[in-house]
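Each number in my numbering corresponds to the 1-based position in the sequence shown with 4 added. Glycine included, each C-beta is placed from N, C-alpha and C at the ideal position.
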Amino acid sequence: MTAEQAASSAVIGASGEELQEHFDATIARDQRIEPRDWMPEGYRRTLIRQVAQHAHSEIIGMQPEGEWITRAPSLRRKAILFAKVQDEAGHGLYLYSAAETLGADRADLTERLIEGRQKYSSIFNYPTPSFADVGVIGWFVDGAAICNQVPLCRSSYGPYARAMVRICKEESFHQRQGYELLMTMMRGTEAQREMVQDAVNRWWWPSLMMFGPPDDNSPNSAQSMAWKIKRHSNDELRQRFVDMTVPQAEKLGVTLPDPELRWNAERGHHDFGTPDWDELMRVIKGDGPCNAERIQRRRAAHEEGTWVREAAAVYAAKQAARAEKGVTA
Ligand code: BYC
C-alpha cells in the first residue's frame, strides 16, 4: 500500500480487504474509479502505463504529419494540417493531466519517453514520403484510433474516460479530413491516384498492428479487461477496424493490400491475412524505420524548450507572490 492509500484507508477506517471489496463492487457496478478513491497498486500502475503511452503517442504522432506543414500544397491544406497537429498536442496534454491524477509526474514521464523507458504507438515510426500519407494517416490511423478509443470513453478510470470523450470527437473530424483529402486526390490525375494507392499499401499493415499483438500473445489484456480499463480485446477491435474500412476503400477506389481479405457471411465479418508480428515487435523494441529520428527530435524539442518552462515557472511564482500581497495584475 502506498503512503497515500494508507492515509485514505486510515481516514475511512477501513481494512485493506474492505477497500478491495469496495473497489471490486464499484467496477462490477460499472461505476467510475476517481483519483481520490482507493485502488489496487496494479490498477494504478497499469493505468499510468497505458495513459502515459497514449499521451506519448499523441505527442510523437505530431511528427510524421507535422513534416508536411511547410510543404502542404495549398493554404487551405496547410491550415487544416496545422489545426490537426495542434489538436494532437492538446490530446497529449489532457492525457498527461489524466496520468498526473494517478500520482505520475509529468517531467518524469517525458524523461522516460526520451530515454526509451516508456513506449509510444508503433505506427508513428513509419515515414511520410508523400502528401497522400497525410490523408492515409487521417483515414487509417485516426480511424483505428476511433475504434480503439470510443470504448475507452467507458473505461473504469474517470479522468481517462472523460479525456477520451473530447479526443474521440476530434479524431472523428480528423478521420474525415483524411478521407476528404484522399477523395480529392482520387478525383485528380493518374499520378495522384498512384500516390494514394502507394500510401495505402504502406500504411495498411502497420495500422492493423496499432491494435497490439494478437489476443493469445497480449499479456496485459486479461487483467485490463477484468478491471474494465480496456473494454474489448485487441483482436476484436482490429476486426471492427477492418469491417469499417473495407467499404470505405471500395468507395474511394483503392485496393487494400491483402489477398486474403474477403467477406465471410458465416461470421458476418471480413476475413483477413496475418500482420507481420515480428515486424511489430521489432518496431516496439525501437528498431522501426524512424524510431531513432522520432526520439531524437522529441529530445531536441524538450531541450530547446527548457527556457520556456523556466520562464513559465518564474512567471507563475511572480504571479503567486503578487496575489499573496493582494496586488492584482
Ligand atoms: N505500439 O498486452 P498488450 C493517435 C505494447 S495516438 C507500441 O496487448 P495493452 C494519433 C504494450 O504497451 C493513439 N507498443 O498491451 C496521434 C505492451 O507493452 P508493456 C495511441 C505496443 O496495453 C497522432 C506490450 O506491447 N493509442 O490516435 O493491453 C496522430 C503487450 O501488448 C503496441 C493508444 O495509446 C503498439 N501498437 O494493449 C494521429 C490507445 N501494441 O506496456 C493519431 C490506448 C502493444 O507491457 N492504449 N504494445 O511494456 C491501448 O488501447 C492499449 O495500450 C493497446 C495495447 C491496445 C495499445
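Per-residue burial, residue i [other beta carbons within 10 Å of its own, 16 or more giving buried]
i: K322; result: exposed
i: A103; result: buried
i: D34; result: exposed
i: L79; result: exposed
i: G120; result: exposed
i: R266; result: exposed
i: S19; result: exposed
i: V318; result: exposed
i: K234; result: buried
i: P77; result: exposed
i: V89; result: buried
i: G292; result: buried
i: A203; result: buried
i: W311; result: exposed
i: G330; result: exposed
i: A167; result: buried
i: A7; result: Note that A7 scores a pLDDT of 49, beneath 50, so its modelled location is shaky and nothing firm can be said.
Alpha-carbon spacing of residue i relative to residue j, whole angstroms
i: K1; j: S225; result: It is not possible to answer for residue 1, since the shown part of the chain is limited to 5 through 333.
i: Y124; j: E22; result: 36 Å
i: P44; j: Q122; result: 22 Å
i: T193; j: P133; result: 19 Å
i: E307; j: H60; result: 16 Å
i: R301; j: D137; result: 20 Å
i: T188; j: M214; result: 26 Å
i: L4; j: Y164; result: Residue 4 cannot be examined here, being either before or after the span of the chain that is shown, 5 to 333.
i: R49; j: D109; result: 13 Å
i: Y130; j: V287; result: 9 Å
i: G290; j: R303; result: 15 Å
i: T30; j: P223; result: 24 Å
i: G94; j: Y161; result: 20 Å
i: C294; j: H26; result: 46 Å
i: N205; j: M285; result: 20 Å
i: C157; j: V145; result: 18 Å
i: A253; j: G107; result: 43 Å
i: A32; j: M229; result: 12 Å
i: I150; j: W143; result: 10 Å
i: P217; j: A148; result: 15 Å
i: R313; j: G17; result: 41 Å
i: M190; j: A327; result: 58 Å
i: Y98; j: G309; result: 19 Å
i: G257; j: D282; result: 30 Å
i: A325; j: A315; result: 15 Å
i: R81; j: E264; result: 35 Å
i: Y47; j: L117; result: 21 Å
i: A269; j: P251; result: 15 Å
i: S13; j: R40; result: Its pLDDT being 48, under 50, S13 is placed unreliably by the model, and nothing is read from it.
i: S101; j: P155; result: 20 Å
i: A320; j: A305; result: 22 Å
i: A346; j: D239; result: What the structure shows of the chain is the stretch from 5 to 333, and residue 346 is not part of that stretch, so it cannot be assessed.
i: Q24; j: R36; result: 15 Å
i: E71; j: W42; result: 44 Å
i: Q227; j: T105; result: 21 Å
i: A296; j: I73; result: 21 Å
i: E198; j: R75; result: 19 Å
i: P261; j: F135; result: 20 Å
Supposed close pair residue i, residue j - CB separation, criterion 8 Å
i: V200; j: L186; result: 5 Å
i: Q153; j: I171; result: 6 Å
i: R298; j: I64; result: 5 Å
i: M66; j: E92; result: 5 Å
i: D219; j: S237; result: 5 Å
i: W209; j: D280; result: 7 Å
i: E62; j: G96; result: 4 Å
Residue i: CB within 7 Å of a non-hydrogen atom of the ligand COA
i: Y98; result: The model depicted lacks the ligand COA and carries the ligand BYC instead.
Any C-beta of chain D under 8 Å from that of residue i
i: I84; result: Absent here is chain D; the protein component of the structure consists of one chain.
Could you tell me whether the region 71 to 91 touches the region 176 to 187, where touching means 3 or more Cβ pairs closer than 8 Å?
yes
Would you check if there are 3 or more beta carbon pairs closer than 8 Å linking the region 125 to 133 to the region 161 to 176?
no
Any contact of the region 55 to 70 with the region 112 to 119, i.e. 3+ C-beta pairs under 8 Å?
yes
Check whether the region 242 to 250 and the region 260 to 279 touch, using three or more Cβ-Cβ pairs below 8 Å as the test.
yes
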